[in-house]
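Single-structure report; data block below.
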Amino acid sequence: MTTAEEKKRLRSLHKQAAEMLMDDSRLWDGLNDEQAGQLLKWGVAQMKRLLPQGVNLSEDEVEAWLDKQVTAVGNMMTEVKELTPELAKLDAASLKNRVNGLLDNLQTLTGEAVKGREQNWLRMEWTKWDATEAFRQLLLMLGFDLDNEDA
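Mapping of the sequence shown onto our numbering: position 47 corresponds to residue 103, and the numbering continues sequentially without gaps.
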């Protein structure tokens with residue numbers, strides 16, 4: 057159970073992490089407004105899941121830890137952004153490599169097993185997807201609930 061002080065610190069860390077992600081427009085440059093908003097929500101949700109790990113760190117430790125986590129989430133956001141327009145052009149081997157890299161990063165970030173998700177992709181007709189559908193499918197693969205974006 058978290059104390060009032062821990063809850064206050066979590067809120068502060070959450071605000072700081074969200075601001076760090078929102079302040080870096082490079083993470084979503086080139087996406088439309090809706091996609092940028094969804095990608096940012098995904099990134100903030102990832103940070104919210106990670107923040108309890110940093111609540112008991114000292115002030116010196118938490119700054120370095122938070123920067124590392126925001127960088128990792130930002131790198132994944134950049135990969136989604138860059139992969140979105142390229143997806144339909146990839147052959148099966150390239151798609152598998154890029155998707156596996158993205159899933160490996162997600163697993164490292166969250167500690168959750170995500171292997172096997174790429175197999176469904178190889179059965180889909182990704183070569184027919186436009187950038188909007190590619191983006192949608194990438195977020196779904198990463199576990200973002202597009203019907204309940206606050207989840």
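Think of the CB as a built atom: it goes at the ideal place given N, C-alpha and C, for glycine as much as any other residue.
Exercise for the section: Can you have a look at K137 and say buried or exposed, based on whether 16 or more other CB atoms are within 10 angstroms of its CB? Expected result: buried
Exercise for the section: State the DSSP-derived secondary structure class of E115, mapped to helix, strand or coil. Expected result: helix
Handout entry: Neighbour flag for Q125 against chain B, beta carbons, 7 Å
Key = Any reference to chain B falls outside this structure, which holds one protein chain only.
Handout entry: Residue range of the alpha helix (DSSP H) that includes K145
Key = From DSSP, K145 is part of no alpha helix (DSSP H); its letter is neither H nor E.
Problem - Beta-carbon spacing of G99, L77 below 7 Å - result: yes
Handout entry: V170, DSSP secondary structure in three states
Key = coil
Practice task
Tell me whether M76 sits in a helix, a strand or coil according to DSSP, three-state version.
Solution key: helix
Problem - Three-state secondary structure assigned by DSSP to A207 - result: Only weak support is given to the placement of A207: the predicted model assigns it a pLDDT of 45, under 50, and the value that follows is read from those uncertain coordinates. The answer is coil: DSSP assigns A207 none of H, G, I, E or B.
Handout entry: For L66, the three-state DSSP class (helix, strand or coil)
Key = helix
Exercise for the section: Measure the C-alpha to C-alpha separation of V111 and D160 and round it to an integer number of angstroms. Expected result: 25 Å
Exercise for the section: State the Cα-Cα distance for the pair D147 and K63, rounded to the nearest angstrom. Expected result: 47 Å
Exercise for the section: Could you tell me whether the Cβ atoms of Q102 and V126 are closer together than 7 Å? Expected result: no
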